[in-house]
């Protein structure tokens with residue numbers, strides 16, 4: 001093929017989330033150099049998520065893709081608590097989607113939720129014969145709702161020809177759930193280590209001062225949305241216990257819905273026993289994550305399920321924070337050698353935080369030393385090869 005490979009990515013929408021950050025990073029990276037030409041179709045133009053309305057045009061990933069020259073099409077819909085079902089698409093939307101599929105050489109679906117569009121096109125007889133890969137980012141597909149059935153059916157019919165998982169645990173979980181595609185690949189996540197890097201002493205002092213955090217205070221950071229999957233209640237219960245032992249510590253929570261403006265967050269804080277005297281900074285959705293990671297001593301994750309290869313752990317580690325996580329997805333493998341894995345109860349988490357703070361210099365040095373294997377360039381190269389590989393069966397047949 002002498003012209004660039006034309007790739008269409010399907011998004012459920014543009015809203016806060018690690019999978020969208022990663023996939024957008026891949027698309028932006030692959031669009032450079034001329035070997036591939038990328039385009040995005042978002043099934044929605046806004047999202048009502050985590051007690052907030054998020055508009056695609058305001059999303060950092062949306063703007064970055066546009067800056068990289070990626071054309072973005074959106075349907076005039078609002079994403080809610082459930083993904084769009086196949087029968088909900090209009091004839092106009094299906095015709096537009098079919099035209100975009102026809103123009104593409106390869107189609108990528110960001111997670112399984114957008115596959116409702118593939119199922120709808122197939123039912124309507126409008127699905128062109130193109131390699132379609134589902135890019136998967138969960139370790140517990142049973143929490144995907146009806147989207148798991150759409151993926152299983154589309155793989156079974158041959159409409160979805162491949163899966164690309166971000167973790168070994170993800171690939172295994174979907175296989176066990178009955179997803180059988182012609183090809184299954186695993187590509188580990190990577191991050192931009194130019195953005196996520198340790199700060200200087202002057203930078204750290206400036207950032208902490210902006211939040212009212214003393215230079216010497218221990219800082220534990222949770223970067224997650226307000227969702228049962230992330231189990232913010234477990235984090236808050238651990239904060240309540242740890243704060244009694246280390247009253248000078250500060251705790252930073254950032255992510256969609258992690259704010260006092262969210263009544264559910266306020267109620268959960270009170271229920272968890274985190275009083276007003278605790279140094280808790282509930283910052284909500286932030287766009288300055290590299291700076292926040294730089295002031296953290298610990299980047300925590302208390303997720304209950306669904307995680308595959310959590311970006312926050314490696315972003316924090318590359319910035320000099322010590323990852324402390326529950327044993328979800330591939331988290332333990334990701335942080336081996338520079339982080340701690342803990343049981344899912346507050347006493348174990350508090351013990352792990354205490355250990356991490358006591359051994360911070362050695363653990364921080366190990367995290368910073370691992371930056372090379374966490375870099376995004378390897379991930380983007382792997383995706384470039386996977387996309388080219390999706391075309392090989394068709395080229396051989398031709």
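In the UniProt record's numbering, the protein residues as written are 1 to 398.
Backbone N, C-alpha and C fix where the C-beta goes; we use that ideal spot for every residue, glycine too.
Just so it is clear, the structure is predicted and the values come from calculations on it, not from any experiment.
- Looking at the DSSP output, residue 164 shares a beta bridge with 135, 185.
- Around the beta carbon of residue 315, 16 or more other beta carbons sit within 10 angstroms, so the residue counts as buried.
- Ranked by Cα distance from residue 14, the options 258, 114, 295 are led by 114.
- Residue 38 has its alpha-carbon roughly 10 Å from the corresponding atom of residue 32.
- When secondary structure is reduced to three states using DSSP, residue 141 falls in the helix class.
- Secondary-structure assignment with DSSP links residue 52 through a beta bridge to 49.
- In the DSSP assignment, the residues bridged to residue 326 are 342.
- In this structure, DSSP gives residue 392 a helical state, which the three-state scheme calls helix.
- Distance from residue 390 to residue 179 at the Cβ level is roughly 17 Å; contact not present, criterion being Cβ atoms closer than 8 Å.
- Residue 242 counts as buried, since at least 16 other C-beta atoms from the protein chains shown sit within 10 angstroms of its C-beta.
- When 236, 17, 27 are compared, the shortest CA-CA separation from residue 8 is found for 27.
- Within the same chain, Cβ atoms closer than 6 Å to the Cβ of residue 36 are found at 4, 5, 7, 30, the five residues on either side in sequence being excluded.
- In the DSSP secondary-structure assignment, residue 74 is bridged to 42.
- By the C-beta density criterion, residue 23 is buried, having at least 16 other C-beta atoms within 10 angstroms.
- Taking all protein chains in view, the Cβ of residue 151 is crowded by 16 or more other Cβ atoms within 10 Å, so the residue is classified as buried.
- In this structure, residue 230 sits away from residue 352, with a CB-CB distance that is not shorter than 9 Å.
- Using a C-beta cut-off of 8 Å, the segment 321-329 makes no contact with the segment 251-269, since fewer than three inter-stretch Cβ pairs fall below that distance.
- Under the three-state reduction of DSSP output, residue 258 falls in the coil class, being neither helix nor strand.
- Collapsing the DSSP output to three states places residue 68 in coil.
- Straight-line measurement puts the Cα of residue 246 at about 10 Å from the Cα of residue 217.
- Contact between residue 329 and residue 209 is ruled out by a C-beta separation of about 36 Å, above the 8 Å threshold.
- Between residue 309 and residue 16, the beta carbon gap of about 17 Å keeps them out of contact (Cβ cut-off 8 Å).
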